[in-house]
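Residue 5 is where the sequence shown starts when you use my numbering, and the numbers rise one by one after that.
Cβ coordinates follow ideal geometry from the N, Cα and C atoms, glycine included.
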Amino acid sequence: GSRVPASLKVFLTALAIIDDLGAVIIIAIFYTSGLSLAYLGAAFAVIAGLVVLNRMRVMTLVPYLALGVVLWVLVLKSGVHATLAGVALALTIPLERSAGIGHDLDHSPLHRLEHGLHKIVAFVVIPIFGFANAGVSLAGLSVSALIEPLTLGVAAGLVVGKLVGVFGSSALAIRLGLADLPANAGWTHMIGISLLCGIGFTMSLFIGLLAFAGDVALQDAVKVGILAGSFIAAILGAAVLLMAPARGGVEDGEE
């Protein structure tokens, strides 16, 4: 809400994007098997074509999307996880604004695509993904199921791991003079935001399902761990931010 500085919201958004990109890289490295060099070479050729379109300042989305479909098929056939095709496509669509007059031309092709897909992704794709993959029966769920090593490990990774990783690396960078605290934010804000980073769903679930593709019981344990860890991270993060000074306030030791 209004208690959280805008700079901190930007920090959280940027961190979420980097986190998702890291997850995609993990998928590419550890969950790729049976590479087909022919399809992979063809995929790189398509990427080169997309780069050429970008350098030629082609601002129409149609050729990018058409080649994007071809790229997705080639990446899928190559044995590399097809999610990388979307990342490669997004990196080649122009971010600069188009020249001309008109409402559509006032926005870059990438922004137009993002705005066009936002509602579909937010209200259709992600809910369907969640309902299709996050289903785990809570009926008869016992304490023993909650304290399974895998469940605890996943939950601890989201809560403790994100807190230590995000806050620790941020504090180290700030202390070394490599970065500054976000404007109007203090260390308490950073702790709260680090906890909120533990709210994981889509990519956490995606990697969990890939890691235990052949064992439904382990997949269920991962799902419970993700749900529990995300819930705890959300509660703790919100509580810490509520205790932090209001926007513009100064913390002791902030300077």
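{"Item": "Could you check what DSSP says for S37 in three-state terms: helix, strand or coil?", "Value": "coil"}
{"Item": "Following the continuous alpha helix (DSSP H) through S234, name the residue where it begins and the one where it ends.", "Value": "220-247"}
{"Item": "How would you write the range of the alpha helix (DSSP H) that I195 sits in, first residue to last?", "Value": "191-200"}
{"Item": "Between the Cα of A242 and the Cα atoms of G120, L182, M63, M194, which residue gives the shortest distance?", "Value": "M194"}
{"Item": "Round the Cβ separation of A86 and L80 to the nearest angstrom and send it over; I've been treating them as touching at under 8 Å.", "Value": "4 Å"}
{"Item": "V28: which of P186, G218, I51, S208 sits nearest, CA to CA?", "Value": "S208"}
{"Item": "Would you kindly report the start and end of the unbroken alpha helix (DSSP H) that includes I178?", "Value": "172-179"}
{"Item": "What's the C-alpha gap between L99 and Y68?", "Value": "13 Å"}
{"Item": "Determine the closest residue to S82 out of V66, L222, R61, S40, with distance taken between C-alpha atoms.", "Value": "S40"}
{"Item": "Helix, strand or coil for T155 per DSSP?", "Value": "helix"}
{"Item": "Once you ignore the five residues that flank L154 on each side, which residues in its own chain have a CB closer than 8 Å to its CB?", "Value": "L222, A225, V226, G229"}
{"Item": "For E100, which of helix, strand or coil comes out of DSSP?", "Value": "coil"}
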